[in-house]
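*Asks:* Sequence lines, in order, name chains A and B.
Sequential numbering of the first sequence, starting at 2, is according to our numbering.
Sequential numbering of the second sequence, starting at 2, is according to our numbering.
Beta carbons: idealized from backbone N, C-alpha and C, even for Gly.
2 protein chains.
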Amino acid sequence: MARPADLNAKVDLLRAAEQVFVEHGLEHARVEQITARAGRSKGSFYLHFESKEEAFRQIVESMTARMACFLDAMSPDNEAVEPFPAQLENWHCREVELFEFLWQNRGLVRLLMRGGGSVQFGFLVDSFAERARAQTVRWLETGIARGLYRKDLDIEVASLCISGAYDRIARRLVEMDKKPDIAAWLRSVQRVILLGLVHDEARPHVDGQVPDQSVTGIRARKSFRLADPTTSVPVPASVPENPGVPRAKAHR
Amino acid sequence: MARPADLNAKVDLLRAAEQVFVEHGLEHARVEQITARAGRSKGSFYLHFESKEEAFRQIVESMTARMACFLDAMSPDNEAVEPFPAQLENWHCREVELFEFLWQNRGLVRLLMRGGGSVQFGFLVDSFAERARAQTVRWLETGIARGLYRKDLDIEVASLCISGAYDRIARRLVEMDKKPDIAAWLRSVQRVILLGLVHDEARPHVDGQVPDQSVTGIRARKSFRLADPTTSVPVPASVPENPGVPRAKAHR
DNA sequence: CATGTTGTTGACCGGTGAGTCAGTTATGGC
DNA sequence: GCCATAACTGACTCACCGGTCAACAACATG
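1) Could you tell me whether the Cβ of Glu-28(B) comes closer than 8 Å to any Cβ of chain A?
2) Report the partner residues of Tyr-150(A) according to the DSSP bridge assignment.
3) So what does DSSP say about Ala-30(B), is it helix, strand or coil?
4) Which class does Arg-222(A) belong to by DSSP, given the choice of helix, strand or coil?
5) Residues in the segment 15-44 of chain A with C-beta within 8 Å of chain B's C-beta atoms, listed in sequence order?
6) Mind checking if Trp-104(B) is an interface residue toward chain A, Cβ cutoff 8 Å exclusive?
7) Thinking C-beta only, is Leu-174(A) closer than 8 Å to Gly-117(A)?
8) Suppose you measure from the CA of Met-114(A) to the CA of Arg-67(A); what does that come to, to the nearest Å?
9) Let me know if Glu-202(A) comes out buried or exposed under the rule of 16 or more other beta-carbons within 10 Å of its beta-carbon.
10) Can you confirm whether Asp-155(A), when its beta carbon is compared against all beta carbons of chain B, has any partner nearer than 8 Å?
11) Look at the Cβ atom of Val-141(A), then the Cβ atom of Ser-164(A), and state whether they are nearer than 8 Å.
12) Starting from Val-207(A), follow the alpha helix (DSSP H) in both directions and report where the run begins and ends.
13) Spell out whether any CB of chain B is found under 8 Å from the CB atom of Val-175(A).
14) Quick one: list the residues of chain B neighbouring His-200(A), beta-carbon separation under 8 Å, in chain order.
15) Compute the beta-carbon to beta-carbon distance between Gly-40(A) and Asp-7(A), rounded to the nearest angstrom, for a pair I have assumed lies under 8 Å.
16) What is the DSSP secondary structure of Ser-42(B), reduced to helix, strand or coil?
17) Between which two residues does the alpha helix (DSSP H) harbouring Lys-179(B) extend?
18) Check the Cβ of Leu-195(B) against every Cβ in chain A and list those closer than 7 Å, keeping chain order.
19) Would you say Ile-170(B) lies against chain A (beta-carbon separation less than 8 Å)?
20) As an exercise, report each continuous alpha helix (DSSP H) stretch of at least 4 residues that is fully enclosed by the segment 87-154 of chain A, in chain order.
21) Please confirm if Ala-166(A) has its CB atom under 8 Å from at least one CB of chain B.
22) Under the rule that 16 or more other beta-carbon atoms within 10 Å means buried, what is Gln-88(B), buried or exposed?
23) Is there a Cβ of chain A sitting closer than 8 Å to that of Leu-8(B), yes or no?
24) Select from the segment 112-123 of chain A all residues with a C-beta closer than 9 Å to any C-beta belonging to chain B, and list them in chain order.
25) CA-CA distance, Val-207(A) and Lys-179(A)?
26) Below 7 Å on C-beta distance, what does Val-138(A) contact in chain B?
27) State buried or exposed for Gly-197(A), treating a residue as buried only when at least 16 other CB atoms are found within 10 Å of its CB.
28) For Val-110(B), which residues in the same chain have their Cβ closer than 8 Å to its Cβ, ignoring the five residues on either side in sequence?
29) Please compile the residues from chain B whose C-beta is within a distance smaller than 8 Å of the C-beta of Gly-144(A).
30) Helix, strand or coil: which one does DSSP assign to Asp-229(B)?
31) Does Ser-215(B) get closer than 8 Å to chain A when you measure Cβ to Cβ?
32) With 16 as the cutoff for other CB atoms within 10 Å, does Pro-230(A) come out buried or exposed?
33) Tell me whether Ala-146(A) is buried or exposed, calling it buried when 16 or more other Cβ atoms sit within 10 Å of its Cβ.
34) Out of Ala-3(A), Val-199(A), Arg-16(A) and Glu-83(A), state which residue places its alpha-carbon closest to the alpha-carbon of Asn-106(A).
35) Report all residues from its chain with a CB closer than 7 Å to the CB of Ala-130(A); omit the five preceding and five following residues, and keep chain order.
36) At a Cβ threshold of 8 Å, is Ser-189(B) touching chain A?
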């Protein structure tokens, strides 16, 4: 071998590429911007990557792979059968680890959450979300089997709700300027999910088991009016201008 | 006036544009593809829209405006003070209306959910999500004031969880091939959110109020081990190839 | 039917940026 | 020192597509 490859080259390019992708998205990222930031030439870029999309793919896949590792570590298989509160605490710790990781990589995560900067990469986020949901399903199943969770749970929907809740928390996290108290957030999430919104005394009313007793102090009607389909929601004929949306260039 | 304008032109173009945007996203949508599908000329397109982005903006804004109407109709201000079960039923009906609307427009909604096809339009979805969350906050406040919801709720986090749950349900909905039983889904969602996961008997264990009694049948340890930070989650050195990801064009 | 006016068209223009490749540089072996 | 080899460079190419406008078509009027 003559002239050995500069081992820093690919690393430099990947790091620069990640920055530029985060700032501009896949479509609007310019290869020359990446190479300029990495202090490399355009040719160097094409020595290491077949194309701009290929570089993006490598960055995103290494990210999703690392996230998947956190997910796998949260599998119910990896947990010893512990008493409920200990299990919750254990779960909580792993959640915090994952969300700390998301915070550290918030730029890229934010990009991914917004569809990966391109329609053709949107499925990457979806597939991760689906994986998270599948994990949740298994947790729900074991929880029900152990008699911890309600037997009448609709597992499909519940898993969507739970993964959706964490998803939204993650989205909020990566948009923040300074780091919030992640552990406190996740404890609150756990409580909401486990206990629900409703006050203990009001729980029987949810299923209409106490249909004629008003909880609000007003006497319940036996049959309340359903939303009238004739008085449908008004739709504005003209859509108001949104000054926040970037306007098109003026005609030349 | 001579030659009257073809009033169908703009409608045809908008409809075609929506289709093409849904299929390819904003960036990869080609104006000539839009005009071809609308059976119009390229010039006609630029008679009605300043630019491609402008057409996209019009389509998206009319959509978000209509969605916002549904949201406003769900404001707690519009609800008479009703007994709890009636209120839930009322709420449910409006939810169903919104989700039926999302289903009808699932193509466009799917695009928006994936970041609007462009980084610069991603904020549109975010701002709608934030609006939905703000609505949720107000519902939680009135619910707590009426003594229906737990007083110890972390409203910020709970609102994120709830809007996140609905968000995920919506995302799942618009990806489906055939229409699911939306009403049944939303009833399940309501139950999960209101009641939580946990079985009535297990509820006290969530707060560790019964720390030494095992729910799983195994005796609780007084102090369980936290996740060991030294045995961190393994990260794969090499990321496996994903055959599903579109590969770059071969070098010429 | 001639004429003016306005809607409509599509071939063309020009900016852009991904990707190339002939030439240059660094290194190891002899 | 000198060659062989492989890494590296950046000016250049060229396909692509958003946007334009001169020409044309349809209609009203007198």
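*Replies:* Well, looking at it:
1) Interface residue, yes.
2) For Tyr-150(A), the beta-bridge partners assigned by DSSP are Val-199(B).
3) Ala-30(B): coil per DSSP, three-state reduction.
4) Reliability fails at Arg-222(A), whose pLDDT of 39 lies under 50, so the model's placement of it is uncertain and no value is given.
5) Against chain B - using a Cβ distance shorter than 8 Å - the residues of the segment 15-44 of chain A are His-25, Gly-26, Glu-28 and His-29.
6) Residue-level contact check: Trp-104(B) does not touch chain A, since none of the beta carbons of chain A fall below 8 Å from its beta carbon.
7) For Gly-117(A) and Leu-174(A), no; Cβs fall outside 8 Å.
8) Their Cα atoms are separated by approximately 16 Å.
9) Within a 10 Å sphere around the beta-carbon of Glu-202(A) sit fewer than 16 other beta-carbons, which makes this residue exposed.
10) At a cut-off of 8 Å between C-beta atoms, Asp-155(A) counts as an interface residue with respect to chain B.
11) Correcting the residue type first, residue 141(A) is Leu in the shown sequence and not Val. No, Cβ-Cβ distance for Leu-141(A) and Ser-164(A) is not below 8 Å.
12) Going by DSSP, Val-207(A) is part of the alpha helix (DSSP H) stretching over 204-207.
13) Closer than 8 Å: no.
14) Simply Gly-148, Leu-149, Tyr-150, Arg-151 and Lys-152.
15) The pair is not a contact, with the Cβ atoms about 11 Å apart (cut-off 8 Å).
16) The answer is coil: DSSP assigns Ser-42(B) none of H, G, I, E or B.
17) Lys-179(B) -> no alpha helix (DSSP H), and no H or E assigned at all.
18) Neighbours of Leu-195(B) on chain A, chain order: Gly-197, Leu-198, Val-199 and Val-207.
19) Answer yes: the Cβ-Cβ gap between Ile-170(B) and chain A drops below 8 Å somewhere.
20) The qualifying runs are 107-114 and 123-146.
21) Yes, contact with chain B.
22) Gln-88(B) should be labelled buried.
23) So no, Leu-8(B) is outside the interface.
24) Listed by position, the residues of the segment 112-123 of chain A near chain B (Cβ gap below 9 Å) are Leu-112, Met-114, Arg-115, Gly-116, Gly-117, Gly-118, Ser-119, Val-120, Gln-121, Phe-122 and Gly-123.
25) CA-CA distance, Val-207(A) to Lys-179(A), rounds to 39 Å.
26) Taking a Cβ-Cβ cut-off of 7 Å, Val-138(A) has no neighbours in chain B, whose nearest Cβ is about 13 Å from it.
27) With 16 or more Cβ atoms within 10 Å of its Cβ, Gly-197(A) is classed as buried.
28) Only Met-64, Leu-103, Ala-171 and Val-175 meet the Cβ criterion.
29) Within chain B, the residues near Gly-144(A) are Leu-198.
30) Model confidence at Asp-229(B) stands at a pLDDT of 39, short of 50, so the residue's coordinates are unreliable; what they give is reported in the following sentence. In this structure, Asp-229(B) counts as coil in the three-state DSSP scheme.
31) The predicted model places Ser-215(B) with a pLDDT of 43, which falls under 50 and marks its position as unreliable; any figure quoted below should be read in that light. Under the Cβ criterion of 8 Å, Ser-215(B) is counted among the residues facing chain A.
32) The pLDDT assigned to Pro-230(A) is 37, lower than 50, so where the model puts this residue is not dependable; a value taken from the coordinates is nonetheless given after this. The residue in question, Pro-230(A), is exposed, as its Cβ has fewer than 16 Cβ neighbours within 10 Å.
33) Exposed, because fewer than 16 other Cβ atoms sit within 10 Å of the Cβ of Ala-146(A).
34) Looking at the Cα atoms, Arg-16(A) is the closest of the given residues.
35) So the list reads Ser-164 and Asp-168, once near-sequence residues are dropped.
36) At least one CB atom of chain A sits nearer than 8 Å to the CB of Ser-189(B).
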